[in-house]
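Start counting the sequence shown at 1; every next residue gets the next number (the working numbering).
All residues carry an ideal CB built from backbone N, CA and C; glycine is no exception.
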Amino acid sequence: MADQTPTQPPQPVSHPLFARFYARVLARNEPAEMRDHRVALLAGLRGRVVEVGAGSGANFAHYPTTVDEVVAVEPEPYLRDEARAAAASAPVPVTVVEGVADALPLEDGSCDAAVACLVLCSVPDQGQALAEMRRVLRRPDGELRFFEHVLAKKPRTARLQRVVDRLFWPRAFGGCHTARDTGAAIAAAGFEIVEQRRVKAPALTPPPVSVQLAGRARLPHDPSAV
Numbered sequence: 001m002a003d004q005t006p007t008q009p010p011q012p013v014s015h016p017l018f019a020r021f022y023a024r025v026l027a028r029n030e031p032a033e034m035r036d037h038r039v040a041l042l043a044g045l046r047g048r049v050v051e052v053g054a055g056s057g058a059n060f061a062h063y064p065t066t067v068d069e070v071v072a073v074e075p076e077p078y079l080r081d082e083a084r085a086a087a088a089s090a091p092v093p094v095t096v097v098e099g100v101a102d103a104l105p106l107e108d109g110s111c112d113a114a115v116a117c118l119v120l121c122s123v124p125d126q127g128q129a130l131a132e133m134r135r136v137l138r139r140p141d142g143e144l145r146f147f148e149h150v151l152a153k154k155p156r157t158a159r160l161q162r163v164v165d166r167l168f169w170p171r172a173f174g175g176c177h178t179a180r181d182t183g184a185a186i187a188a189a190g191f192e193i194v195e196q197r198r199v200k201a202p203a204l205t206p207p208p209v210s211v212q213l214a215g216r217a218r219l220p221h222d223p224s225a226v
């Protein structure tokens, strides 16, 4: 499937209550285990990187100096302002821009890597968001780094995830869905998964989001491949 630029206009994103809770409580009190996961996610990146759904900029401090530039795309206004403040002290140049995952404000083939960190749970359409990441990555060596909470393999936990998604979770937590099979979505979007591993969630992580997946994927060598 050839990559295509989306034709639908992006929808505005605003989650003012959740954004403040995330930035002031969750991000500022993040456990050391989560910071370790962020470091591992970004290790070895080079060149120009797009971070999709950068939130309040929690990843910025952990980018290696081999990165020339980070273009951080964040649709939520409050979080975007927080990210711009975090960018000022980042060890690499970070440009924070307004945009959404399903219509990235970047040219085709303009990035060496894309980072998706705790964002594919909340995008309206995972397939479209991943297609956009494919579009902006350079061939043949463009790489996707991902760290996401995902659908559990254990039936009991998976049932819990589906129940909370149906009842209240997306409304309470900024559009987040706990029962998405994100690893399968990445493969279905045409990426070749090089590495993926289940990682231990930080202590006190609620069960619906305690199943977490990290890994790397790359573009197929055949541009027409799905």
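Item: Using only the alpha-carbon positions, how far apart do H62 and H177 sit?; Value: 26 Å
Item: S210 to A32, Cα distance in whole Å?; Value: 16 Å
Item: Rounded to the nearest angstrom, what separates P206 and E98 at their Cα positions?; Value: 30 Å
Item: Short of 7 Å in beta carbon distance, which residues of its chain neighbour T292, apart from the five on each side in sequence? Order them along the chain.; Value: Because the chain is modelled from 1 through 226, residue 292 falls outside the range shown and cannot be assessed.
Item: Give me the residue from F18, E30, P155 and Q126 with the minimum Cα distance to L204.; Value: E30
Item: Straight-line CA distance for F146 to F168?; Value: 25 Å
Item: Going residue by residue through the region 184 to 208, where are the continuous beta strand (DSSP E) segments of at least 3 residues, counting only ones entirely within it?; Value: 192 to 199
Item: Tell whether a beta-carbon distance below 9 Å holds between G142 and C117.; Value: no
Item: Excluding the five sequence neighbours on either side, which residues of its own chain have a C-beta within less than 7 Å of the C-beta of A152, listed in chain order?; Value: A158, Q161 and V211
Item: What does the Cβ neighbour count give for T5, buried or exposed, with the cut at 16 atoms within 10 Å?; Value: Note on T5: pLDDT 44, under 50, position unreliable in the model; the coordinate value appears next. The residue is exposed, with fewer than 16 neighbouring Cβ atoms inside 10 Å.
Item: Is G215 helix, strand or coil when you go by DSSP?; Value: strand
Item: Out of N59, L79 and P77, point me to the one whose CA is closest to V70's CA.; Value: N59
Item: So the alpha helix (DSSP H) R145 belongs to, where does it begin and stop?; Value: Where R145 is concerned, there is no enclosing alpha helix (DSSP H), although the beta strand (DSSP E) it sits in stretches over E143 to H149.
Item: Terminal residues of the continuous beta strand (DSSP E) containing A113?; Value: A113 to C117
Item: Using the Cβ count rule (16 or more neighbours within 10 Å means buried), how would you classify A19?; Value: buried
Item: Ordered along the chain, which non-local residues of its own chain (more than five positions away) have a Cβ less than 8 Å from that of T65?; Value: P91 and V92
Item: Comparing C-alpha positions only, which one of A23, V25, R171 and R218 sits nearest to C121?; Value: R171
Item: Per DSSP, what kind of secondary structure is A129 in: helix, strand or coil?; Value: helix
Item: Which residue's Cα is closest to the Cα of A113: L144, A129, A88 and P124?; Value: L144
Item: For A103, which of helix, strand or coil comes out of DSSP?; Value: strand
Item: For a test of the three-state rule: what should DSSP assign to R20, helix, strand or coil?; Value: helix
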